[in-house]
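Student: For the record, the sequence lines run as chains A and B.
With the working numbering applied, the first sequence corresponds to residues 21 to 128, in that order.
With the working numbering applied, the second sequence corresponds to residues 58 to 168, in that order.
Idealized CB from N, CA, C, for every residue including glycine.
Have a look at the structure that comes next, please.
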Amino acid sequence: EDKVVQSPLSLVVHEGDTVTLNCSYEVTNFRSLLWYKQEKKAPTFLFMLTSSGIEKKSGRLSSILDKKELFSILNITATQTGDSAIYLCAGGFNKFYFGSGTKLNVKP
Amino acid sequence: DVKVTQSSRYLVKRTGEKVFLECVQDMDHENMFWYRQDPGLGLRLIYFSYDVKMKEKGDIPEGYSVSREKKERFSLILESASTNQTSMYLCASSGLDQPQHFGDGTRLSIL
């Protein structure tokens, strides 16, 4: 059975902290790992990772994929209250399997 | 920017009604998807489509059907709505081997 598992389920930090969100996957037809941020409405796309060991960065966010160990991490440095959201990861190829998300709460 | 538009943000229907949720994308994407999102369960795939008039079942297709008569439009149909179909419904589209882009979602309540 294909599945994606995220940890932790929820996380509370203070502004300025660095957080690491985890995503492990067991997906038969796998090509890419996706990360999304979801606030009140639609998930918004953050990263698409296809190659193992190559870090992708966007401002304070970065992510890396390990295709040997079947996991990915999303790092957020110098967190801000605007980072509070649910972070979703998904693995697959055209059809993606989603994890249940990590709910991040950044306190002032 | 990719635009995925869902016809309603909030919808309230009664048990037994036939319910239509509409989704339109403006990027000529081949792939379109319908998910439902429930607390603690994440996004679960209901149906997806790789091309016009083509559909495949996802993980939880029971009680639902879909229609894709035009490339830009993907409709989700609840044949006879039940209370356990109360949920947030998200539509997404993508190009081949590309990330999915989501609509704003329809929060559906079945009374």
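Going by the beta-carbon positions, is the gap between A:Leu31 and A:Thr122 smaller than 8 Å?
Tutor: Their beta carbons are under 8 Å apart, which means A:Leu31 touches A:Thr122 by this criterion.
Student: Using a C-beta cutoff of 8 Å, does A:Asn42 count as contacting chain B?
Tutor: It does not; no Cβ of chain B falls within 8 Å.
Student: Measure the Cβ-Cβ separation of A:Ser44 and A:Val25 and say whether it is below 8 Å.
Tutor: Yes. Within cutoff.
Student: Would you tell me roughly how many angstroms separate the C-alpha atoms of B:Arg130 and A:Asn42, rounded to the nearest one?
Tutor: Approximately 35 Å, taken between the alpha carbons.
Student: Taking the Cβ atom as the reference point for each residue, do A:Leu94 and A:Leu81 lie within a distance shorter than 8 Å?
Tutor: For A:Leu94 and A:Leu81, yes; Cβs fall inside 8 Å.
Student: Check this for me: beta carbons of B:Thr163 and B:Leu102, under 8 Å apart or not?
Tutor: No, these two residues do not count as a Cβ contact at 8 Å.
Student: For the beta strand (DSSP E) that B:Ser150 lies in, which residues bound it at each end?
Tutor: That run of the beta strand (DSSP E) goes 144-151.
Student: What is the rounded straight-line gap between the Cα of A:Trp55 and the Cα of A:Tyr107?
Tutor: Whole-angstrom Cα-Cα distance: 7 Å.
Student: Report the option in B:Tyr67, B:Ser124, B:Leu68 whose CA atom is closest to the CA atom of B:Met91.
Tutor: The identity of residue 91 of chain B in the sequence shown is Trp, whereas the question assumes Met. Nearest of B:Tyr67, B:Ser124, B:Leu68 to B:Trp91, Cα basis: B:Ser124.
Student: I want to verify the contact list: residues of chain A whose CB lies under 7 Å from the CB of B:Asp224, in sequence order.
Tutor: Here chain B has residues from 58 to 168 only, and residue 224 of chain B is not among them.
Student: Let me confirm a value: A:Thr48 is counted as buried when at least 16 other C-beta atoms fall within 10 Å, else exposed. Which label applies?
Tutor: A:Thr48 comes out exposed.
Student: So is B:His86 in contact with chain A if we call contact Cβ pairs under 8 Å?
Tutor: Taking Cβ atoms only, chain A never reaches closer than 8 Å to B:His86, which makes this a no.
Student: Which bits of chain B does A:Arg51 rub up against, with CB to CB less than 8 Å?
Tutor: By Cβ distance, chain B contributes Asp154.
Student: Alpha carbon to alpha carbon, what distance is there between B:Asp95 and B:Lys114?
Tutor: So the two alpha carbons sit approximately 19 Å from each other.
Student: Does A:Tyr117 pass the burial test, meaning 16 or more other C-beta atoms within 10 Å, or should it be called exposed?
Tutor: So A:Tyr117 counts as buried.
Student: Using DSSP with H/G/I as helix, E/B as strand and the rest coil, what is A:Gly112?
Tutor: Strand, per DSSP.
Student: Is the distance from the Cβ of B:Arg66 to the Cβ of B:Tyr146 below 8 Å?
Tutor: No, Cβ-Cβ distance for B:Arg66 and B:Tyr146 is not below 8 Å.
Student: Leaving out five residues before and five after B:Leu168 in sequence, what residues of the same chain have Cβ atoms less than 8 Å from its Cβ?
Tutor: Within the same chain, B:Leu168 has close Cβ partners Val69, Lys70, Arg71, Thr72, Thr140.
Student: Using beta carbons (cut-off 8 Å, strictly below), is A:Leu54 in contact with chain B?
Tutor: Yes, A:Leu54 counts as interfacial toward chain B.
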